[in-house]
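Peer 1: Each step along the sequence shown adds one to the number in this note's numbering, with nothing skipped, and position 255 is 258.
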Amino acid sequence: MCLPVIRTLVALLPAVAAVAAQDASSTASASAVNPMTEKPPAAVPSATGAPSAVIPSGPLPPSQELCTSPIYCPGPLLQAVQLAGIFEDSKTFVDKATSRPESEVLDNFNKLGGGNVSNITYEEIVQFIDDNFVAEGVELVPADLGSEFVQDPEFLQGVEDEVVRDWLKQVHSYWELLARTTNSSSPSGVQCDGCVSSFIPFNESRVFVVPGGRFRELYYWDTYFVIEGLITSQLQSVVKAILENFGDLIDRLGFIPNGNRVYYQNRSQPPFFTLMIDKYIEAYNDTSLLQRFLPLLEREMSFWKNNRTIEFTSPFTNKTHNITHYDVNTSAPRPESYREDYETVEEASQSGLELNETFKAQLYSDLASGAESGSDYSAARWSKRATMNLTDMIPAQRFLNTDAQLPVDLNAILFACEQKLSAFYRINGNGTQADATRANYWAQQAQARKEAVLDVFWDPSKKFFYDFNTTLGDRAPFFTPSGYFPLWAQILPQEFVNESISIDQRRQNMQGVFSGLRYLIDRFNGTIPASLVTTGQQWDFANAWPPHTYIALEALRTLPDMLAAGPQLPAQNGTFVLIPMVNGTNQLGQSLDSLPIQPLENEPGSMINETLVGATDPNNPSVELEPANNVGNDTSSESWRDELVRQLANRYVASALCSWRATGGKLNTTDPNFQPVADSVLSANGLNASTSIGNMFEKFNASDINAAGGGGEYAVQIGFGWTNGVAIWLGGQLGVNLTRPECPPVVVQEKTMAEE
């Protein structure tokens, strides 16, 4: 049996405590604030060198066409503040509004160092921030959800397990903690006439949901998964307000940026807006909003066509397709990650790279393009050298190759958008020839996109979809959950729709598509990992992300019933051997012994028996010899599809609920396995026992359901919008299948010398 591992929580819990204060340099104690219930104090700048020492300096990047603020975009002021490292998180500074008019702030900056930026001291730059800026996030205030918010939404009635139901009720209550609106006294966040802020205001003061933690604004692709939860929570007006806010951004910018900050104006994120509109119409049968949104949806699709789409000739068929990729127009560090990007590019010689200005500009673009993908970063997807350094994320980022990758998930999303746009024009109600023309146009675009996805991304031998690497001239070698997006968008290869192939063979082939997922559930304790390559990047192993679980579940749930019928294939020798293989390479892209290990509980250095993972009884193929844990309760009538759905859904609940409980979450139950974690244990692990109410993390750990994910450029974030949204959506869709997990004990961890 694959037992839950007890992983060292010390890597997680101090990070949570740090998040509570937003910055380690804050004057408030990190353990004194729970950011889910109280607004953290403003981050206080803190010199990282002697007060009289000169701050670091270096060559300035070129001026940027799409980011022009003299404060919040690349330039002398931003570079001086960010390279000084006076905030632990580079995003802190660019989220601060000025306390003086912009011109006065710039004049004050130009006086520092005797008028020479190369002579500015730490003391001067810290005082400059104190004198000219206010707290980050002042443009927003908590939003009152009013009478529409109910304590016991209807979906809870369908959740049979009382522990899961109580937990989901508490998660539902977090909408009140994450809902924001603009400050009525200063909707744009400015503090005086002439003052400025990085916040991009909406046309009206409306409610929206922030992800949580350092993410203080409206984010793009996060919100699709948030909306799934909001609809389940019966918060229609909140959903509509969010859509109107996005519409305002398209009105202003012609597209939806990564988030509504001026420093995000050069990039977007996976384009889910059309699909958000579809979710609203499906839930509420309200097509009236199409009158405003159809022209805006057209504008957004034009942005992706004109700025991110290339002609690409398939090496498999020699056909030329329009393929969309991430390719941000920038030659400078991202303002919110300025110090990290600057070090990555300007100190590339540490990794043996001598970059001229052209290659520096390309690397800055690849960094921003990785952020636009939403998967920032996956070395398995975006880097030429994925595993070059597992303890330092920067070296692999120096070999980013983002714009040379053709992402399968992005093109599947756009296919779904094109299909929905065609449908929107058919239901618009006008019945005009113009509507019919646009409906036909988008149907043709969707068909062309579908042909491209099947030609370029589908590997019929491995039975999976992969990104295409134009540098290699071939499909990417690594498995990632992005390969489930075409199936989520209901793009089916010919071998599944060709009626000349027997239905039994087509069903067996479809089980082959999901055989990798079946094995990963058998092998690991958590939900689906972002990749199977351990790189130190946050979108690689062992991190597991809510959107990936959602997409994989929907890919399964939307399969045609005739393909999803029948029992799981027998696996007498374990489920790994069921994974399709060609020329020695299987669907996962790795051999059995090269995959990450799953340690055993309380047995340091031990691991599961990899060879027989998922093995079934030779005399009864429906029975696993050592059943996987935390996969719900099986039934004799389940199809292979329904079994995988149940298992994956319950793994998500286990990851979210157990890590929530491990950080102070309390359940209203007499079940002895779910009694609160002792205050002494919480305190010893870096949490404030009096304020810890349980953390919903942005990402999980695929091999340890008690822990959050790690890695990346910032501390693990809590809140968390899409995590909550997917959990609530699961409760609404699959509540009858969800069962309380077996959570590992939470124990006091010994700190390493470095952590002390």
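From the three backbone atoms N, C-alpha and C, an ideal C-beta is built for every residue, glycine too.
Remember, it's a predicted structure, so these values are computed and weren't measured experimentally.
Decide if G735 is buried, meaning its Cβ has at least 16 other Cβ atoms within 10 Å, or exposed.
Peer 2: Taking the first residue of the sequence shown as position 1, residue 735 is located at position 732. By the neighbour-count rule (16 or more Cβ atoms within 10 Å), G735 is buried.
Peer 1: Using a Cβ-Cβ cut-off of 9 Å, state whether I397 counts as contacting chain D.
Peer 2: In the structure shown, chain D cannot be found, because there is only a single protein chain.
Peer 1: If you measure between the beta carbons of T530 and A657, is that distance less than 9 Å?
Peer 2: Taking the sequence shown and counting its residues from 1, the one referred to as residue 530 is at position 527. Taking the sequence shown and counting its residues from 1, the one referred to as residue 657 is at position 654. Yes, these two residues count as a Cβ contact at 9 Å.
Peer 1: Count the other CB atoms, across all protein chains shown, that sit within 10 Å of the CB of M565; report buried if there are 16 or more and exposed otherwise.
Peer 2: By 1-based counting over the sequence shown, the position of residue 565 is 562. It is exposed - the Cβ of M565 has fewer than 16 other Cβ atoms within 10 Å.
Peer 1: Can you check whether the CB of P744 is closer than 9 Å to the CB of I708?
Peer 2: One-based indexing of the sequence shown puts residue 708 at position 705. One-based indexing of the sequence shown puts residue 744 at position 741. In contact: I708 and P744 (Cβ atoms closer than 9 Å).
Peer 1: Buried or exposed, going by whether 16 or more other CB atoms sit within 10 Å of the CB of S55?
Peer 2: Against the sequence shown, residue 55 aligns to sequence position 52. S55 is exposed by the Cβ-count criterion.
Peer 1: Closer than 8 Å: is that where the CB of S372 sits relative to any heavy atom of the ligand NAP?
Peer 2: This structure lacks the ligand NAP; in fact it carries no ligand of any kind.
Peer 1: What residue range is occupied by the uninterrupted alpha helix (DSSP H) comprising S93?
Peer 2: In the sequence shown, residue 93 corresponds to position 90, counting from 1. First-last of the alpha helix (DSSP H) with S93: 93–97.
Peer 1: So what's E627 in DSSP terms, helix, strand or just coil?
Peer 2: Numbered from its first residue, the sequence shown carries residue 627 at position 624. Reduced to three states, the DSSP call for E627 is strand.
Peer 1: Report the three-state DSSP secondary structure of I253 (helix, strand or coil).
Peer 2: Within the sequence shown, the letter at position 250 stands for residue 253. Correct three-state label for I253: helix.
Peer 1: Suppose contacts are defined by Cβ-Cβ distances below 9 Å. Is S534 in contact with S381 by that definition?
Peer 2: Position 531 of the sequence shown, counting from 1, holds the residue named residue 534. Position 378 of the sequence shown, counting from 1, holds the residue named residue 381. Yes, these two residues count as a Cβ contact at 9 Å.
Peer 1: In this structure, how does DSSP classify L246 when only helix, strand and coil are distinguished?
Peer 2: For this step, residue 246 is matched to residue 243 along the sequence shown. Of the three classes helix, strand and coil, the one that applies to L246 here is helix, per DSSP.
Peer 1: Just curious, the beta strand (DSSP E) that F2 is in, first and last residue?
Peer 2: Outside the shown range of the chain (4 to 759) lies residue 2, about which nothing can therefore be said.
Peer 1: Three-state secondary structure (DSSP) at V459?
Peer 2: Counted from its first residue, the sequence shown places residue 459 at position 456. DSSP places V459 in helix when its eight states are reduced to three.
Peer 1: For N119, list the residues DSSP reports as bridge partners.
Peer 2: Position 116 of the sequence shown, counting from 1, holds the residue named residue 119. DSSP, once it has assigned bridges, lists no residue as partnering N119.
Peer 1: Using the C-alpha atoms, what's the distance from L292 back to A426?
Peer 2: In the sequence shown, the residue the question calls residue 426 occupies position 423. In the sequence shown, the residue the question calls residue 292 occupies position 289. Taking the straight line from one Cα to the other gives about 14 Å.
Peer 1: Is F131 helix, strand or coil when you go by DSSP?
Peer 2: Counting from one through the sequence shown, the residue named residue 131 turns up at place 128. F131: helix per DSSP, three-state reduction.
Peer 1: Taking the runs of the beta strand (DSSP E) that are 3 residues or longer, which of them lie wholly in the segment 156–210?
Peer 2: Whole beta strand (DSSP E) segments, 3+ residues: 182–185.
Peer 1: Does the separation of the CB atoms of F152 and S236 fall below 9 Å?
Peer 2: Within the sequence shown, numbered from 1, the residue matching residue 152 stands at position 149. Within the sequence shown, numbered from 1, the residue matching residue 236 stands at position 233. Closer than 9 Å, so yes.
Peer 1: Considering V656, what are the terminal residues of the alpha helix (DSSP H) in which it resides?
Peer 2: Taking the first residue of the sequence shown as 1, we reach residue 656 at position 653. Residues 643–665.
Peer 1: How many angstroms separate the CA atom of T95 from the CA atom of C76?
Peer 2: As a first step, residue 95 is located in the sequence shown; it is residue number 92 there, counting from the start. As a first step, residue 76 is located in the sequence shown; it is residue number 73 there, counting from the start. Approximately 14 Å, taken between the alpha carbons.
Peer 1: Rounding to the nearest angstrom, what Cα-Cα distance links P62 and N113 in this structure?
Peer 2: Walking along the sequence shown from the start, residue 62 turns up at place 59. Walking along the sequence shown from the start, residue 113 turns up at place 110. Answer to the nearest angstrom: the Cα atoms are 17 Å apart.
Peer 1: Going by beta-carbon coordinates alone, are L559 and R654 separated by less than 9 Å?
Peer 2: On the sequence shown, residue 559 is found 556 positions in, with the first residue counted as 1. On the sequence shown, residue 654 is found 651 positions in, with the first residue counted as 1. Not in contact: L559 and R654 (Cβ atoms no closer than 9 Å).
Peer 1: Between which two residues does the alpha helix (DSSP H) holding A730 run?
Peer 2: Locating residue 730 in the sequence shown gives position 727, where the first residue counts as 1. Counting along the chain, the alpha helix (DSSP H) containing A730 begins and ends at 724–737.
Peer 1: Taking only the alpha-carbon atoms, compute the straight-line gap between D196 and P104 and give it to the nearest angstrom.
Peer 2: The count along the sequence shown starts at 1 and reaches residue 196 at position 193. The count along the sequence shown starts at 1 and reaches residue 104 at position 101. Rounded to the nearest angstrom, the two C-alpha atoms are 7 Å apart.
Peer 1: Is V626 buried or exposed, if buried means 16 or more other CB atoms sit within 10 Å of its CB?
Peer 2: Here residue 626 refers to the residue found at position 623 of the sequence shown. So V626 counts as exposed.
Peer 1: Nearest-angstrom Cα distance between A244 and I234?
Peer 2: Counting from 1 along the sequence shown, the entry for residue 244 is found at position 241. Counting from 1 along the sequence shown, the entry for residue 234 is found at position 231. So the two alpha carbons sit approximately 13 Å from each other.
Peer 1: Which value, in whole angstroms, describes the spacing of the CA atoms of L171 and S208?
Peer 2: On the sequence shown, position 168 is the one that residue 171 refers to. On the sequence shown, position 205 is the one that residue 208 refers to. L171 and S208: Cα-Cα distance of roughly 29 Å.
Peer 1: With burial defined as no fewer than 16 other Cβ atoms inside 10 Å of the residue's Cβ, what is the status of F362: buried or exposed?
Peer 2: The count along the sequence shown starts at 1 and reaches residue 362 at position 359. Its Cβ having fewer than 16 others within 10 Å, F362 is exposed.
Peer 1: Let me know if V634 comes out buried or exposed under the rule of 16 or more other beta-carbons within 10 Å of its beta-carbon.
Peer 2: Residue 634 sits at position 631 when you count from the first residue of the sequence shown. Looking at its Cβ environment, which holds 16 or more other Cβ atoms inside 10 Å, V634 is buried.
Peer 1: Report buried or exposed for D462, applying the criterion of at least 16 other Cβ atoms within 10 angstroms of its Cβ.
Peer 2: On the sequence shown, residue 462 is found 459 positions in, with the first residue counted as 1. Per the 10 Å Cβ criterion, buried.
Peer 1: Considering only residues of the segment 482–526, which uninterrupted alpha helix (DSSP H) runs meet the minimum length of 4 residues and lie entirely inside it, listed in chain order?
Peer 2: Here the runs fully enclosed are 488–491, 497–500, 506–516, 518–526.
Peer 1: Is there contact here, the segment 322–338 with the segment 444–458, by at least three beta-carbon pairs under 8 Å?
Peer 2: Touching, yes, given that three or more Cβ pairs across the two stretches are closer than 8 Å.
Peer 1: Answer yes if the segment 408–418 comes into contact with the segment 265–279, meaning at least three C-beta pairs across the two stretches below 8 Å, and no otherwise.
Peer 2: The segment 265–279, when compared against the segment 408–418, does touch it at the 8 Å Cβ threshold.
Peer 1: Return the CA-CA distance between S594 and S518, expressed in angstroms with no decimal places.
Peer 2: Your numbering for residue 594 matches position 591 in the sequence shown. Your numbering for residue 518 matches position 515 in the sequence shown. When rounded, the distance between both Cα atoms is 15 Å.
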